[in-house]
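Residue numbers (the numbering used here), protein chains in the order written: chain A, 28 to 346; chain B, 105 to 531. Right, one structure below, let's go through it.
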Amino acid sequence: MHSTLKLTVSHAPFWHNGSSISTKSWNILLASLLAVIPGCLQYGISAIGVVTLSIASAIIWEMLINLISRRPISVGDGNAAVIGMMFAMMLPATIPWWAVVTGTFFAVVIGKEIFGGIGANPFNPAVLAMTIVMLSWADLFDFNAALLNYQFDFNAVYPLVLSKSFGALAVADFDLIDLLFGKQIGGIGSTFGIGLIAGGVYLMLRGYSRWEVAVSFLAGIFASALFFNILNPELYAGPGFHLLTGYTLIGAFFLATEDSSSPVNFIPMLIYGLFGGILTVMIRNIGVHIDGVLYAILIINLVNPIVDKIRPKALGKGV
Amino acid sequence: MIKRSFFGLVKPKLQYEIIDEAQAEPVSIKPGKQIRLYIDQPYENAGEMLLKTGDQVQCGQKIAISDDTAEYLLSSKSGQISKISPFVGILGKKLTSVTIDVDDASSQSCDESFKSACQAPSLENARDFLAGLPGKPNFNVFFDSGKPVKAIVVLGADDDLLGITNQYFIKNNIIAIKTGIALLCKITGISNAILIVPQHLEQVAGSSGAIIKTVDSEYPSAHPELIMQHLLASEDGTSKAKSGIAFFSAEAVCAIGAAYTTGQFSLEKMVTFVSKDGNKRLVSVPIGTPLQDILNEFNETLNDGDRVVFGGPMKGDSVFSTDYPVFPDTDIIIIQDKNQITERSDIACTNCGECVRVCPANMQVNQLIRYLDAGQYEEAADQYDLFSCIECGFCSYVCESRIPVFQHIRLAKHTLESMKAAEESNA
């Protein structure tokens with residue numbers, strides 16, 4: 028009666044579609060390379076240094092916190108690497124090493140691990156860290172000063188500073204096609220628009236990020252920028268400019284779509300994205316900050332649990 | 105195993121199996137020395153039981169543990185009871201295992217008590233004799249006075265993936281189904297009989313005389329709960345809550361028809377057997393035949409770490425021994441090799457929302473799993489619709505974190521139900 032055969036006994040279902048967090052992470056890393064590689068070509072070896080240091084330190088921070096809190100080592104899922112990559116994409120290439128390491132500490136430890144690790148973070152960790160670092164050492168993120176020693180064949184003034192200080196007419200000579208192909212200064216991985224769009228579309232098609240969030244985020248930016256532009260064309264730049272400068276594209280395709288801090292239902296995703304887009308333009312146009320994307324994303328991260336209450340009726344509940 | 109498609113923008117689709125035009129005839133398998141029946145009744149004091157070790161049973165004889173219960177099975181062979189023992193089934197269910205040493209083929213004898221009953225078909229004798237037939241017809245729903253049955257629904261589509269058992273009966277045995285449906289309508293007095301078939305069998309099913317409804321080829325559209333929702337969608341809320349629907353599988357309807365016309369039971373269960381290499385075969389096997397006899401027939405060997413699933417890949421149960429027998433409702437048996445098994449993990453939910461998008465019951469699985477993980481089952485039921493779950497298993501199938509969501513849900517439901525039962529018995 029007692030056979031020695033030991034069969035695996037587990038609960039249904041006995042199939043799985045094979046997806047995993049690590050596959051998703053590798054795909055996000057792959058997609059982000061489309062924007063990071065042109066950035067590295069533009070800013071040279073120091074940009075590569077920032078990217079690799081950021082990824083490596085993010086992984087090490089996660090591993091350390093795993094060891095300290097005696098939890099299973101979770102760096103294998105690639106989430107720490109993704110956070111490191113996202114953080115690096117927003118940094119100027121000249122950022123000192125200690126700012127990168129401090130930033131990834133904020134991202135991984137403060138942004139994610141103290142809330143309980145993957146899936147428990149209320150904010151996008153990279154965005155949270157970026158805002159902390161930006162507010163702490165504002166002069167490091169003055170792109171005009173930071174990238175002073177580079178020689179570019181285009182107008183090397185941070186476009187958003189220009190529009191903020193001198194109005195829409197000052198940025199009128201920025202060609203949108205040039206902006207799309209990364210002929211502007213900014214973060215390592217956040218200026219090459221076409222690469223960000225290609226990477227974002229890849230992730231959306233593969234189902235690793237939600238198109239509802241990205242599309243409505245961009246739609247929010249477009250609509251509100253257009254509104255301001257019509258209101259006062261001399262003061263407020265047009266929607267095309269807002270879509271292609273600053274952190275707009277990386278925000279729409281890579282940051283706002285972060286799983287844990289974004290909604291899962293259809294209508295909430297649209298509201299979430301739209302709200303983020305509108306806030307971004309409002310901060311840029313009437314707020315004190317130069318770029319509004321990061322603050323807008325933090326705020327929509329906050330409203331995510333509330334908007335996600337808008338949900339369809341479950342089967343058998345109500346008529 | 106169906107993997108995630110490269111393009112993940114749209115919802116994943118799992119297609120039901122479609123029976124081949126030239127489906128091979130079922131392989132008939134004879135049990136070896138023993139058959140085993142697990143009766144849905146706790147093992148009691150040996151003295152109070154109807155059966156004793158050493159009793160002779162006949163083919164078609166009712167095997168019940170005590171008189172005052174409706175739970176019984178039918179012995180598919182004649183022989184001698186060699187062992188009666190307690191058995192713990194899924195979710196701690198207490199069953200009684202009855203092992204019968206099968207007589208030689210030459211000395212098989214049949215139980216005759218149904219012969220006279222079948223002259224006057226009625227719901228009572230159907231309940232008393234036929235509930236152990238293949239397909240496990242449930243006649244108790246007709247005796248629930250609180251919920252009058254308004255329609256008989258015959259499932260000609262298999263409700264789990266890989267299964268072709270019911271399709272086989274629609275395709276090859278529509279005449280028997282017609283007889284069975286006519287008989288069911290006669291004994292229940294319900295004229296509203298609906299036959300559910302997959303689209304490709306709509307033509308064949310036309311001659312059954314019942315109302316034909318088709319279901320999609322995508323899982324889980326043939327799920328009885330979804331069919332019921334669909335059928336009841338046109339009704340208003342008050343009558344919806346009161347009306348009942350009796351579900352029968354196509355196989356059960358065939359067996360009921362055959363039982364009343366011939367006075368004998370056919371206790372051969374049609375099972376879709378899926379071997380390790382993915383080959384699907386129909387086998388016709390007497391109820392109670394241990395798995396080992398089927399494995400021997402196909403020279404299938406099991407190694408440590410392999411998995412045997414009774415039921416489909418989404419809703420079945422894995423078993424721990426090759427002694428496990430074929431039940432009246434075992435439609436599919438799947439053998440999985442060790443390396444085909446995806447391990448579950450204890451990674452937390454990342455809120456990706458895949459489960460919410462695939463859930464046919466529109467549940468907020470991402471929120472639900474947080475409550476279930478924390479053991480807050482009542483809150484889960486109150487706020488996040490735990491009892492709306494139709495148990496299709498799709499959420500676990502798509503979960504990126506590989507959380508055993510379905511297992512959490514089953515455990516939560518079971519815990520709440522047993523708490524409720526305990527409260528009621530104390531009241």
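Cβ coordinates follow ideal geometry from the N, Cα and C atoms, glycine included. All of these numbers come straight from a predicted model, not from anything done at the bench.
message: Tell me the DSSP secondary structure of A/M25 in three-state form.
response: Limits of chain A in this structure are 28 at one end and 346 at the other, which puts residue 25 of chain A out of reach.
field: Buried/exposed call for A/F256, threshold 16 Cβ in 10 Å
entry: Position 229 of the first sequence holds residue 256 of chain A. What sits at residue 256 of chain A in the sequence shown is Asn, not Phe. The residue in question, A/N256, is buried, as its Cβ has 16 or more Cβ neighbours within 10 Å.
- prompt: Alpha carbon to alpha carbon, what distance is there between B/P238 and B/E355?
  reply: Mapped onto the second sequence, residue 355 of chain B falls at position 251. Mapped onto the second sequence, residue 238 of chain B falls at position 134. Answer to the nearest angstrom: the Cα atoms are 7 Å apart.
query: Which stretch, first to last residue, makes up the alpha helix (DSSP H) that contains B/Q119?
result: Locating residue 119 of chain B in the second sequence gives position 15, where the first residue counts as 1. From DSSP, B/Q119 is part of no alpha helix (DSSP H); its letter is neither H nor E.
task: In angstroms with no decimal places, state the Cα-to-Cα distance between A/T272 and A/D205.
output: Within the first sequence, residue 272 of chain A is the residue found at index 245, counting from 1. Within the first sequence, residue 205 of chain A is the residue found at index 178, counting from 1. Straight-line Cα distance between these residues: approximately 11 Å.
message: Using 8 Å as the cut-off, can you tell me whether the region 155 to 173 of chain A makes contact with the region 182 to 199 of chain A, which would need three or more C-beta pairs spanning the two stretches below that distance?
response: yes
field: Residues near A/V346 in its chain [Cβ-Cβ closer than 7 Å; skip 5 each side]
entry: Numbered from its first residue, the first sequence carries residue 346 of chain A at position 319. Note on A/V346: pLDDT 47, under 50, position unreliable in the model; no value is reported.
message: Quick check on the burial criterion: 16 or more other C-beta atoms within 10 angstroms. Buried or exposed for A/K344?
response: Position 317 of the first sequence, counted from the first residue, corresponds to residue 344 of chain A. So A/K344 counts as exposed.
query: Which one or two residues does DSSP pair with B/T203 in a beta bridge?
result: As a first step, residue 203 of chain B must be located in the second sequence, where it is residue number 99. BP columns for B/T203 point to B/R140 and B/K187.
- request: Starting from the Cα of A/V315, find the closest Cα among A/E261, A/F268, A/L162 and A/R237 and give me that residue.
  value: Locating residue 315 of chain A in the first sequence gives position 288, counting from the first residue. The shortest C-alpha separation from A/V315 is found at A/L162.
message: Using C-beta distances below 6 Å, list every residue in its chain close to B/Q165, excluding the 5 sequence neighbours before and after it, in chain order.
response: As a working note, residue 165 of chain B is residue 61 in the second sequence. For B/Q165, where only same-chain residues beyond five positions count, the Cβ hits under 6 Å are S179 and D215.
field: Under the three-state DSSP convention, the category B/F431 falls into
entry: The residue given as residue 431 of chain B occupies position 327 in the second sequence. Looking at B/F431 - three-state DSSP - the assignment turns out to be coil, as it is neither helix nor strand.
In chain order, each alpha helix (DSSP H) run of at least 4 residues that lies wholly inside the region 327 to 396 of chain B: 328 to 336, 341 to 346 and 354 to 366
- prompt: Considering only the beta carbon of each residue, do A/E89 and A/A115 sit closer than 8 Å?
  reply: Along the first sequence, read from residue 1 onward, the residue named residue 89 of chain A stands at position 62. Along the first sequence, read from residue 1 onward, the residue named residue 115 of chain A stands at position 88. Cβ distance not < 8 Å, so A/E89 and A/A115 don't count as in contact.
task: Would you list, in chain order, the members of the region 309 to 339 of chain A that have their beta-carbon closer than 7 Å to a beta-carbon of chain B?
output: R338 and P339
- prompt: Does B/D489 get closer than 8 Å to chain A when you measure Cβ to Cβ?
  reply: Taking the second sequence and counting its residues from 1, one reaches residue 489 of chain B at position 385. Answer yes: the Cβ-Cβ gap between B/D489 and chain A drops below 8 Å somewhere.
task: Please say whether B/I185 and B/I169 have beta carbons closer to each other than 8 Å?
output: Taking the first residue of the second sequence as 1, we reach residue 169 of chain B at position 65. Taking the first residue of the second sequence as 1, we reach residue 185 of chain B at position 81. No. Outside cutoff.
message: Considering only DSSP beta bridges, list what B/A297 is partnered with.
response: Locating residue 297 of chain B in the second sequence gives position 193, counting from the first residue. Answer is B/I256.
message: Can you tell me where the alpha helix (DSSP H) holding B/R461 begins and where it ends?
response: Position 357 of the second sequence holds residue 461 of chain B. E458 to V462 is the span of the alpha helix (DSSP H), which, as asked, contains B/R461.
query: Does the region 419 to 433 of chain B come within contact of the region 461 to 471 of chain B, defined as at least 3 CB pairs closer than 8 Å?
result: no
task: Pick helix, strand or coil for B/F414, following the three-state DSSP scheme.
output: For the purposes of this step, residue 414 of chain B is taken as residue 310 along the second sequence, with counting starting at 1. B/F414 falls in the strand class under three-state DSSP.
Residue-chain proximity (B/Q440, chain A), Cβ-Cβ < 8 Å: The residue you call residue 440 of chain B lines up with position 336 of the second sequence. It does: the Cβ of B/Q440 has a partner Cβ on chain A nearer than 8 Å.
- prompt: Going by other Cβ atoms of all chains shown within 10 Å of its Cβ, with 16 needed for buried, is A/H38 buried or exposed?
  reply: As a position in the first sequence, residue 38 of chain A is number 11, starting the count at 1. That one is buried.
query: Which of the three DSSP states, helix, strand or coil, is assigned to A/D205?
result: One-based indexing of the first sequence puts residue 205 of chain A at position 178. Reduced to three states, the DSSP call for A/D205 is helix.
- prompt: CB A/M112 to CB A/I82, shorter than 8 Å?
  reply: One-based indexing of the first sequence puts residue 112 of chain A at position 85. One-based indexing of the first sequence puts residue 82 of chain A at position 55. Going by C-beta atoms, A/M112 is nearer than 8 Å to A/I82.
- prompt: Which residues in the same chain as A/N151 place their Cβ atom closer than 7 Å to its Cβ, once the five residues preceding and following it in sequence are excluded?
  reply: Taking the first residue of the first sequence as 1, we reach residue 151 of chain A at position 124. Cβ within range, chain order: L282, E285, S288, I324 and N328.
- prompt: For B/K282, does the count of other Cβ atoms within 10 angstroms reach 16, so buried, or fall short, so exposed?
  reply: Your numbering for residue 282 of chain B matches position 178 in the second sequence. Label assigned to B/K282: buried.
message: Let me check understanding here. Comparing Cα to Cα, which of A/P119, A/W124, A/S73 and A/G222 lies closest to A/G213?
response: The residue you call residue 213 of chain A lines up with position 186 of the first sequence. Of the listed residues, the one whose Cα sits closest to A/G213 is A/P119.
- prompt: From this set, B/I133, B/R411 and B/L490, which residue's C-alpha is nearest B/Q444's C-alpha?
  reply: Working through the second sequence from its first residue, we reach residue 444 of chain B at position 340. Here the closest residue by C-alpha is B/R411.
- prompt: Just curious, the alpha helix (DSSP H) that B/I315 is in, first and last residue?
  reply: Within the second sequence, residue 315 of chain B is the residue found at index 211, counting from 1. Careful: B/I315 lies outside any alpha helix (DSSP H), inside the beta strand (DSSP E) at I315 to V319.
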